[in-house]
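Protein chains: 2
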Amino acid sequence: MDSILPLSVRGPLPKPVTKSPPPRADSAEDELVSSGVDGASPRATSAAYQALPVSGALITHNYTPALPVLDADELDKEELEARINKVIEDYKEKLQLRTDHHMGYPYNLDFDYGPLEGLQKYCINNLGDPFIESNYGVHSREFEIGVLQWFARLWEIEPHEFWGYITNCGTEGNLHGILVGREMLPDGILYASRETHYSVFKAARMYRMDAVKVGTLESGEIDYDELRSQLAANAARPAIINVNIGTTVKGAVDDLDRVLDILKETGYTEDRFFIHCDGALFGMMIPFVKRAPMVTFKKPIGSISVSGHKFVGSPVPCGVVMTRLRYIKGVSSDVEYLNSRDATIMGSRNGHAPIYMWYTFTRKGYEGLRKDVEKCLRNAHLLKSMLEKAGVKVMLNELSSTVVFERPREEAFVRKWQLACEGDIAHVVVMPNITIRKLETFVQELVESRARVAVSEALRLAEAARERHGDDEEE
Amino acid sequence: MDSILPLSVRGPLPKPVTKSPPPRADSAEDELVSSGVDGASPRATSAAYQALPVSGALITHNYTPALPVLDADELDKEELEARINKVIEDYKEKLQLRTDHHMGYPYNLDFDYGPLEGLQKYCINNLGDPFIESNYGVHSREFEIGVLQWFARLWEIEPHEFWGYITNCGTEGNLHGILVGREMLPDGILYASRETHYSVFKAARMYRMDAVKVGTLESGEIDYDELRSQLAANAARPAIINVNIGTTVKGAVDDLDRVLDILKETGYTEDRFFIHCDGALFGMMIPFVKRAPMVTFKKPIGSISVSGHKFVGSPVPCGVVMTRLRYIKGVSSDVEYLNSRDATIMGSRNGHAPIYMWYTFTRKGYEGLRKDVEKCLRNAHLLKSMLEKAGVKVMLNELSSTVVFERPREEAFVRKWQLACEGDIAHVVVMPNITIRKLETFVQELVESRARVAVSEALRLAEAARERHGDDEEE
Numbered sequence: 001m002d003s004i005l006p007l008s009v010r011g012p013l014p015k016p017v018t019k020s021p022p023p024r025a026d027s028a029e030d031e032l033v034s035s036g037v038d039g040a041s042p043r044a045t046s047a048a049y050q051a052l053p054v055s056g057a058l059i060t061h062n063y064t065p066a067l068p069v070l071d072a073d074e075l076d077k078e079e080l081e082a083r084i085n086k087v088i089e090d091y092k093e094k095l096q097l098r099t100d101h102h103m104g105y106p107y108n109l110d111f112d113y114g115p116l117e118g119l120q121k122y123c124i125n126n127l128g129d130p131f132i133e134s135n136y137g138v139h140s141r142e143f144e145i146g147v148l149q150w151f152a153r154l155w156e157i158e159p160h161e162f163w164g165y166i167t168n169c170g171t172e173g174n175l176h177g178i179l180v181g182r183e184m185l186p187d188g189i190l191y192a193s194r195e196t197h198y199s200v201f202k203a204a205r206m207y208r209m210d211a212v213k214v215g216t217l218e219s220g221e222i223d224y225d226e227l228r229s230q231l232a233a234n235a236a237r238p239a240i241i242n243v244n245i246g247t248t249v250k251g252a253v254d255d256l257d258r259v260l261d262i263l264k265e266t267g268y269t270e271d272r273f274f275i276h277c278d279g280a281l282f283g284m285m286i287p288f289v290k291r292a293p294m295v296t297f298k299k300p301i302g303s304i305s306v307s308g309h310k311f312v313g314s315p316v317p318c319g320v321v322m323t324r325l326r327y328i329k330g331v332s333s334d335v336e337y338l339n340s341r342d343a344t345i346m347g348s349r350n351g352h353a354p355i356y357m358w359y360t361f362t363r364k365g366y367e368g369l370r371k372d373v374e375k376c377l378r379n380a381h382l383l384k385s386m387l388e389k390a391g392v393k394v395m396l397n398e399l400s401s402t403v404v405f406e407r408p409r410e411e412a413f414v415r416k417w418q419l420a421c422e423g424d425i426a427h428v429v430v431m432p433n434i435t436i437r438k439l440e441t442f443v444q445e446l447v448e449s450r451a452r453v454a455v456s457e458a459l460r461l462a463e464a465a466r467e468r469h470g471d472d473e474e475e
Numbered sequence: 001m002d003s004i005l006p007l008s009v010r011g012p013l014p015k016p017v018t019k020s021p022p023p024r025a026d027s028a029e030d031e032l033v034s035s036g037v038d039g040a041s042p043r044a045t046s047a048a049y050q051a052l053p054v055s056g057a058l059i060t061h062n063y064t065p066a067l068p069v070l071d072a073d074e075l076d077k078e079e080l081e082a083r084i085n086k087v088i089e090d091y092k093e094k095l096q097l098r099t100d101h102h103m104g105y106p107y108n109l110d111f112d113y114g115p116l117e118g119l120q121k122y123c124i125n126n127l128g129d130p131f132i133e134s135n136y137g138v139h140s141r142e143f144e145i146g147v148l149q150w151f152a153r154l155w156e157i158e159p160h161e162f163w164g165y166i167t168n169c170g171t172e173g174n175l176h177g178i179l180v181g182r183e184m185l186p187d188g189i190l191y192a193s194r195e196t197h198y199s200v201f202k203a204a205r206m207y208r209m210d211a212v213k214v215g216t217l218e219s220g221e222i223d224y225d226e227l228r229s230q231l232a233a234n235a236a237r238p239a240i241i242n243v244n245i246g247t248t249v250k251g252a253v254d255d256l257d258r259v260l261d262i263l264k265e266t267g268y269t270e271d272r273f274f275i276h277c278d279g280a281l282f283g284m285m286i287p288f289v290k291r292a293p294m295v296t297f298k299k300p301i302g303s304i305s306v307s308g309h310k311f312v313g314s315p316v317p318c319g320v321v322m323t324r325l326r327y328i329k330g331v332s333s334d335v336e337y338l339n340s341r342d343a344t345i346m347g348s349r350n351g352h353a354p355i356y357m358w359y360t361f362t363r364k365g366y367e368g369l370r371k372d373v374e375k376c377l378r379n380a381h382l383l384k385s386m387l388e389k390a391g392v393k394v395m396l397n398e399l400s401s402t403v404v405f406e407r408p409r410e411e412a413f414v415r416k417w418q419l420a421c422e423g424d425i426a427h428v429v430v431m432p433n434i435t436i437r438k439l440e441t442f443v444q445e446l447v448e449s450r451a452r453v454a455v456s457e458a459l460r461l462a463e464a465a466r467e468r469h470g471d472d473e474e475e
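As you go down the protein sequences, you meet chains E and U in turn. Mapped onto full-length UniProt numbering, the consecutive letters of the first sequence carry residue numbers 1 to 475. Mapped onto full-length UniProt numbering, the consecutive letters of the second sequence carry residue numbers 1 to 475.
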């Protein structure tokens with residue numbers, strides 16, 4: 001039996017400010033999907049959501065309607081089949097509609113995995129370590145290792161020096177990278193800019209690490225001066241730094257070389273820092289951009305993570321995290337039951353994802369991906385110019401296909417085009433599936449939406465004047 | 001900018017015993033898959049794996065061969081297509097073969113999601129909280145909520161009192177449950193039996209929690225007396241207890257009611273403990289077993305997790321975690337970028353998984369699942385009896401379909417049937433896809449394998465005698 005480790009434990013986290021819970025949502029079933037089961041299935045009321053946020057504005061809208069599990073025990077087989085088919089067919093229509101109008105999130109929705117369709121018959125699970133086969137035979141590790149080797153070449157690390165795996169999403173990559181950093185430097189402080197993806201500060205909280213949130217420049221890059229002074233002030237403790245290779249909202253790329261210079265200036269030797277590069281979207285694109293700073297393991301970085309469902313495109317969220325093999329010793333242990341090793345965050349791992357990535361890389365090659373990147377950057381510049389011409393305030397970082405502009409004020413427009421918004425800005429992430437034709441429609445609808453808002457506001461002034469002074473036609 | 005929290009940080013974890021690294025693996029390409037690309041693609045050498053374990057035996061075998069990404073830039077289009085198709089077709093054959101011979105892991109490989117096939121065209125992502133729609137429109141939250149409501153009914157919690165989500169696997173459910181427990185009781189000690197799934201102790205390490213590993217009874221259940229004395233000895237601090245609803249290896253069910261009694265006896269009031277029920281496999285089965293103790297939110301438990309790819313069956317690993325809505329306040333925060341809330345471990349979440357579960361539950365109904373459970377328990381008893389008759393030592397817990405027996409000594413047999421082994425035992429987890437016909441083949445081959453081993457050992461005695469004394473025929 002293990003004894004209790006003699007360590008001091010952090011006290012309770014700050015408690016959330018208590019507000020009264022939002023009212024329970026009404027059961028506003030989604031129109032397309034619900035039509036298939038209308039008036040027939042046991043209709044559960046939609047789930048209430050009464051949790052309170054720890055901080056920030058309380059999101060009280062967007063309650064999800066439920067599509068209850070139908071009651072198989074009460075329907076005859078034929079009726080049940082018909083119901084199910086209707087639900088699925090209606091849902092497919094909705095998916096197609098929404099896929100056609102998506103602009104906001106960095107997901108490449110243009111993929112065709114037709115030849116892989118039959119694989120859905122199998123429960124493919126790469127449980128445990130990618131490099132050591134488990135006793136469970138229905139896996140796709142050979143594809144996974146192939147994909148990892150492809151990334152190793154991209155990020156310039158020798159085959160016998162890296163370790164990595166295919167994750168469920170960008171968050172898992174960040175959770176893994178930062179965990180490796182913490183195990184290497186248990187007393188380290190985590191530094192990341194305030195425009196960093198929320199998963200990084202979530203990791204700090206999960207792992208009970210001290211974290212410093214550094215300010216940002218107008219571009220969205222980390223404020224280098226502030227980083228320097230923070231590092232200097234905390235020089236007694238090691239540094240774990242999250243470097244953004246494309247921030248979530250503005251697509252800003254933190255300058256890795258400058259961060260390395262700052263570490264040197266402030267006296268951090270290589271054994272006293274660990275850099276995790278969060279390249280969720282742009283980590284896949286930057287190697288193909290000529291004038292971009294290189295993200296490579298030839299520099300003293302600890303880990304890189306990217307998403308697979310973003311620039312690459314995939315039906316399921318996925319990603320890759322890569323680190324140096326020598327670091328992984330600190331976080332892994334053998335699991336006899338798996339006949340493999342446990343060095344990943346998750347246990348069972350989606351075995352379909354590596355095949356999607358293998359298939360895309362094999363099909364497109366480095367050259368095909370380079371062309372995709374070019375197309376995205378070109379269309380992002382086009383969108384920027386179109387918006388400028390139309391009188392919309394707009395920003396585009398040099399190394400990015402994320403076009404940032406004034407947040408549209410019609411909520412229906414934001415929902416239709418599925419725009420991600422923060423404060424008074426919105427963005428369009430130009431992915432390979434965003435064609436010039438789509439940009440045309442989008443800009444036209446945006447301008448129309450803005451015109452509607454402008455007219456309605458102008459008329460509201462007239463209405464107010466009429467209320468104050470009476471209708472002057474009646475005079 | 002955030003300041004550094006004034007908290008003491010745990011020192012470095014115990015260092016692993018350093019051993020010399022295993023030799024680099026040879027590139028033993030898998031025979032079926034590699035035949036498609038033989039002698040043609042740029043063959044990378046298989047990745048070396050040189051990580052060292054933290055503890056336990058060093059796993060130095062089973063290195064995964066790589067299937068490198070083909071070089072699209074160097075092949076003409078037609079040739080490339082032909083190569084890809086060959087790889088995929090060969091791989092499908094291998095998957096089918098391995099699926100047919102799988103006995104060891106608790107995965108129900110008998111599923112048919114035919115009508116859902118077209119969904120692979122869409123990037124379905126339930127990013128953020130299930131109950132609050134994100135701006136990203138291509139999601140399946142309505143199915144997810146439907147499935148959660150189905151589980152809420154199963155585990156007896158009111159629709160407005162639960163919170164939960166569909167996870168990537170059992171590990172994510174355990175990581176979430178234990179994190180909620182830690183946030184509720186920041187100074188709590190984690191208690192779990194030594195036959196608990198490895199993800200539970202991984203969580204303790206990730207979260208920097210003190211953990212007590214409690215011994216087990218012969219059956220695999222937690223040693224209740226030892227739990228009592230540990231709880232009594234640490235009564236000054238709250239308790240976070242992992243209760244196994246079916247252990248990984250022996251399928252043992254910790255007695256929840258007895259654990260609750262022990263907590264009462266040792267003076268823990270309900271505000272000073274948090275119970276997470278790890279029901280990876282059996283959490284889905286136990287509600288359908290008449291004489292089993294009820295796992296329900298009517299008892300003072302904090303969370304339950306189950307896997308979806310185990311008893312239910314699914315092409316991708318998935319699971320469900322459920323907790324009380326009031327607990328989730330402590331671990332969630334609103335994320336404006338998502339227009340949703342961040343209360344899950346992962347950020348992007350597989351939107352196909354909820355549809356698989358919805359489809360199965362709708363199709364089978366509670367009644368269909370009850371029949372599946374009956375079949376599994378019946379066939380597990382049959383396998384136990386067959387093995388006994390054949391002279392194999394065997395154990396089967398009353399509430400389990402996990403048949404534990406002497407570890408077969410032929411490695412090839414273990415690999416063929418993909419048996420999970422630990423120490424000198426192996427197990428077969430009888431799932432709905434394990435038919436009587438399959439049991440017949442398995443038992444027959446097991447007996448033949450044992451006979452081969454027995455004959456070879458007997459003959460080795462003769463061989464040794466011959467070496468010592470010479471061949472007596474020559475005398």
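Each residue gets a CB set at the ideal place from its N, CA and C atoms; glycine is no exception. Since this is a predicted model, take the numbers as computed values, not measurements.
Exposed unless 16 or more other CB atoms sit within 10 angstroms - verdict on residue i
i	result
PRO315 of chain U	buried
GLN418 of chain U	buried
GLU388 of chain E	exposed
VAL259 of chain U	buried
ARG341 of chain U	buried
ARG208 of chain E	buried
PRO287 of chain E	buried
ASP129 of chain U	buried
ARG349 of chain E	buried
Residue range of the beta strand (DSSP E) that includes residue i
i	result
HIS427 of chain U	425 to 429
GLU406 of chain E	402 to 406
ASN242 of chain E	239 to 244
PHE274 of chain U	273 to 278
Same chain, Cβ closer than 8 Å to residue i, five either side skipped, listed in chain order
i	result
VAL214 of chain U	TYR191, ALA192, SER193, ARG194, ILE222, ASP223, GLU226, LEU227, GLN230
ASP255 of chain U	GLU221, TYR224, PRO293
VAL75 of chain E	Per the sequence shown, the amino acid found at residue 75 of chain E is Leu instead of Val. ARG83, listed in sequence order.
Where the alpha helix (DSSP H) through residue i begins and ends
i	result
VAL138 of chain E	Run containing VAL138 of chain E: none; DSSP gives neither H nor E here.
TYR366 of chain U	352 to 389
ARG291 of chain U	Counting along the chain, ARG291 of chain U falls outside any alpha helix (DSSP H), and DSSP gives it neither H nor E.
TYR165 of chain E	Element bounds for TYR165 of chain E: not the alpha helix (DSSP H) but the beta strand (DSSP E), 162 to 167.
VAL453 of chain U	436 to 469
THR99 of chain U	77 to 100
Residue i, DSSP secondary structure in three states
i	result
SER314 of chain E	coil
HIS309 of chain E	coil
VAL392 of chain U	coil
GLU422 of chain U	strand
ASN174 of chain E	helix
VAL37 of chain U	At VAL37 of chain U, the pLDDT of 27 sits below 50, so the modelled position is not reliable; the number obtained from the coordinates is stated separately. Three-state DSSP puts VAL37 of chain U in coil, outside helix and strand.
TYR191 of chain E	strand
Spatial neighbours of residue i in its chain, beta-carbon cut-off 7 Å, leaving aside the 5 residues before and after
i	result
VAL430 of chain U	CYS376, ASN379, ALA380, LEU383, SER401, VAL403
Sequence-distant residues of its chain with Cβ nearer than 6 Å to residue i (five each side left out)
i	result
THR344 of chain U	TYR165
Given a limit of 9 Å on CB to CB distance, which residues of the region 189 to 217 of chain U reach chain E?
ILE189, ARG194, HIS197, TYR198, SER199, PHE201, LYS202, ARG205, MET206, TYR207, ARG208, MET209, ASP210, ALA211, VAL212, LYS213, VAL214, GLY215
Near-chain E residues of the region 152 to 176 of chain U (beta-carbon distance less than 7 Å), N- to C-terminal order
PRO159, HIS160, TRP163, ASN168, CYS169, GLY170, THR171, GLU172
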